[in-house]
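K.L.:
This is the structure I have questions about; it appears just below.
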Amino acid sequence: MKLTTTTIPPSQMVDHLEIFNCPICRGDLDMSAESILCKDCTYEFEIKDGIPLMFVPNDWDKKKKDVTLDMKSFYEGSPFPNYEDIDDVGTLMKKSNDGIFAGMMNEQIPFNIRVLEVGTGTGQLSNFLGIAKRHVFGADMTINSLELAQGFKEKHNLNNVGFYQMNLFKPIFREKSFPVVICIGVLHHTSDPFKGFQSISGLVADNGYIIIGLYHKYGRLITDTRRRVFNLTGDRFKWLDPNLKNLEVNHTKKMSWFNDQYKNPHESKHTIGEVMRWFEKTGFEYIYGIPNPVLSEKFSRRDSLFKKHKSGSYLDRAIVQLKMILTGSREGGFFILIGRKKKLRI
Ligand SMILES: C[S@@+](CC[C@H](N)C(=O)[O-])C[C@H]1O[C@@H](n2cnc3c(N)ncnc32)[C@H](O)[C@@H]1O
Numbered sequence: 001m002k003l004t005t006t007t008i009p010p011s012q013m014v015d016h017l018e019i020f021n022c023p024i025c026r027g028d029l030d031m032s033a034e035s036i037l038c039k040d041c042t043y044e045f046e047i048k049d050g051i052p053l054m055f056v057p058n059d060w061d062k063k064k065k066d067v068t069l070d071m072k073s074f075y076e077g078s079p080f081p082n083y084e085d086i087d088d089v090g091t092l093m094k095k096s097n098d099g100i101f102a103g104m105m106n107e108q109i110p111f112n113i114r115v116l117e118v119g120t121g122t123g124q125l126s127n128f129l130g131i132a133k134r135h136v137f138g139a140d141m142t143i144n145s146l147e148l149a150q151g152f153k154e155k156h157n158l159n160n161v162g163f164y165q166m167n168l169f170k171p172i173f174r175e176k177s178f179p180v181v182i183c184i185g186v187l188h189h190t191s192d193p194f195k196g197f198q199s200i201s202g203l204v205a206d207n208g209y210i211i212i213g214l215y216h217k218y219g220r221l222i223t224d225t226r227r228r229v230f231n232l233t234g235d236r237f238k239w240l241d242p243n244l245k246n247l248e249v250n251h252t253k254k255m256s257w258f259n260d261q262y263k264n265p266h267e268s269k270h271t272i273g274e275v276m277r278w279f280e281k282t283g284f285e286y287i288y289g290i291p292n293p294v295l296s297e298k299f300s301r302r303d304s305l306f307k308k309h310k311s312g313s314y315l316d317r318a319i320v321q322l323k324m325i326l327t328g329s330r331e332g333g334f335f336i337l338i339g340r341k342k343k344l345r346i
């Protein structure tokens, strides 16, 4: 997709400047005709093809493992997902609605609010949610993915959507700026998923929601076995993965899936209980989950994503999660939890 080569700050950023801050010092920002300036540390961020380049690396202790730059170059070479079979807004809507959870979010996230998607990748979800009247901010560190996202946005005049290059450990947004923050399939590709969660959960407004999707410890077992087979056989037997067997999916999309699932330099796995503990530690309460952690309650497309549901007993959760060994492999072994930030009473 051809991008306009504009270096002008995106109009979304101009309109919502008050929610942005410098990722280096968290100071206020100012706009010039061609760049973004920090009023405090005076750092100047460039804009490429309408995308503010505001990624800054971590400044962690040297002894702490940091995969950020490795992951960045991996996704630069293999942007995920991609738009090969999505060429207009109608197809994007159809594919996203077929994805059920994206459709549920689109039906239930209110209009006219700010939504942040962290780790937007090639921006399908952000562009989809921005078709309706919402202000959607898609942030990711991978510029090649963001350019695909921006290309689609520009081609289809999705003016409520903006894309930003950002390291989720160094947010370009102020604390409590968003009633909804979505982060699906991202934190398990970082060296410190809980630290990442702490960073992005700070961006959620009081009483706002965080939607987290992560690889599950048991849901990935079959995928891990396939990965071993591929590694031992020089990537033969690709038909073992049902997504790679699907004749309706084109080659580029299959390769994007294959690389993301089987050639990824780093992934970690998690459990429902673990993320519930993250919620407790950061002042969130559990609202809803897929799979449903209550054994007797089944998932329905009509479930309310933002109404408080029961979190299930320890036994419920253990059985639900064990079932993921068999059911998890097709969708990549994901689970999703939604939490609400409790307003602190002083
Ligand atoms: C598997 S893709 C998920 C894309 C999208 N959320 C989806 O579900 O299709 C993971 C994305 O996380 C991004 N990512 C990983 N670590 C990040 C970090 N520290 N800061 C920002 N983005 C990051 C990668 O660039 C990549 O686009």
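Note that the numbering used here numbers the sequence shown so that position 192 is 192, with each residue one more than the last. The beta-carbon is built from N, C-alpha and C at its ideal position, and this holds for glycine as well.
1. Mind checking Pro57: buried by the 16 CB within 10 Å criterion, or exposed?
2. Can you tell me the Cβ-Cβ gap for Gly390 and Gly185, rounded? I've got them flagged as a contact below 8 Å.
3. For Ser268, name the three-state secondary structure that DSSP assigns.
4. Run the proximity test for Gly103: is its beta-carbon closer than 6 Å to any non-hydrogen atom belonging to ligand 1?
5. Let me check understanding here. Comparing Cα to Cα, which of Lys65, Thr190 and Gly202 lies closest to Lys395?
6. In whole angstroms, give me the CA-to-CA distance for Ser73 and Ile143.
7. Check Leu69 in the structure and name its three-state DSSP category.
8. Which stretch, first to last residue, makes up the alpha helix (DSSP H) that contains Leu322?
9. What residue range is occupied by the uninterrupted beta strand (DSSP E) comprising Met31?
10. With DSSP as the reference, label Gly289 as helix, strand or coil.
11. Looking only at its chain, what residues have a beta carbon closer than 6 Å to the beta carbon of Ile325, apart from the 5 residues adjacent to it on each side?
12. With DSSP run on the structure shown, which of helix, strand or coil describes Pro23?
13. Taking 6 Å as the cut-off, is the C-beta of Ile184 nearer than that to any heavy atom in ligand 1?
14. Quick one: what's got a C-beta closer than 7 Å to Glu84's C-beta in the same chain, skipping five residues either side?
15. Taking the straight line between their C-alpha atoms, what separation do you get for Leu53 and Asn231?
16. Could you check whether the Cβ of Ser78 sits closer than 6 Å to any heavy atom belonging to ligand 1?
17. Considering only residues of the same chain and omitting the five flanking positions on each side of Gly119, which have a CB-CB separation below 6 Å?
P.N.:
Straight from the coordinates:
1. Here residue 57 refers to the residue found at position 57 of the sequence shown. It counts as exposed.
2. Outside the shown range of the chain (1 to 346) lies residue 390, about which nothing can therefore be said.
3. Here the question's residue 268 lines up with position 268 in the sequence shown. The answer is coil: DSSP assigns Ser268 none of H, G, I, E or B.
4. Position 103 of the sequence shown, counting from 1, holds the residue named residue 103. No.
5. Since the first residue shown for the chain is 1 and the last is 346, residue 395 is missing from the structure and cannot be characterised.
6. The residue you call residue 73 lines up with position 73 of the sequence shown. The residue you call residue 143 lines up with position 143 of the sequence shown. Their backbone Cα atoms lie some 10 Å apart in a straight line.
7. Locating residue 69 in the sequence shown gives position 69, counting from the first residue. Helix, per DSSP.
8. For the purposes of this step, residue 322 is taken as residue 322 along the sequence shown, with counting starting at 1. It spans Tyr314 to Thr327 - the alpha helix (DSSP H) in which Leu322 sits, taken as one unbroken run.
9. By one-based count along the sequence shown, residue 31 stands at place 31. Note, Met31: beta strand (DSSP E), Leu29 to Met31.
10. Here the question's residue 289 lines up with position 289 in the sequence shown. Strand at Gly289.
11. Counting from one through the sequence shown, the residue named residue 325 turns up at place 325. Taken in chain order, the residues that qualify are Tyr218 and Leu221.
12. Counting from 1 along the sequence shown, the entry for residue 23 is found at position 23. Coil.
13. One-based indexing of the sequence shown puts residue 184 at position 184. For ligand 1, at least one heavy atom lies less than 6 Å from the Cβ of Ile184.
14. Numbered from its first residue, the sequence shown carries residue 84 at position 84. Hits under 7 Å: Asn250, Thr252 and Lys253.
15. Locating residue 53 in the sequence shown gives position 53, where the first residue counts as 1. Locating residue 231 in the sequence shown gives position 231, where the first residue counts as 1. Cα-Cα distance, rounded: 36 Å.
16. Against the sequence shown, residue 78 aligns to sequence position 78. No.
17. Numbered from 1 along the sequence shown, position 119 holds the residue referred to as residue 119. Cβ neighbours of Gly119 beyond the five flanking positions: Asp140, Cys183 and Val186.
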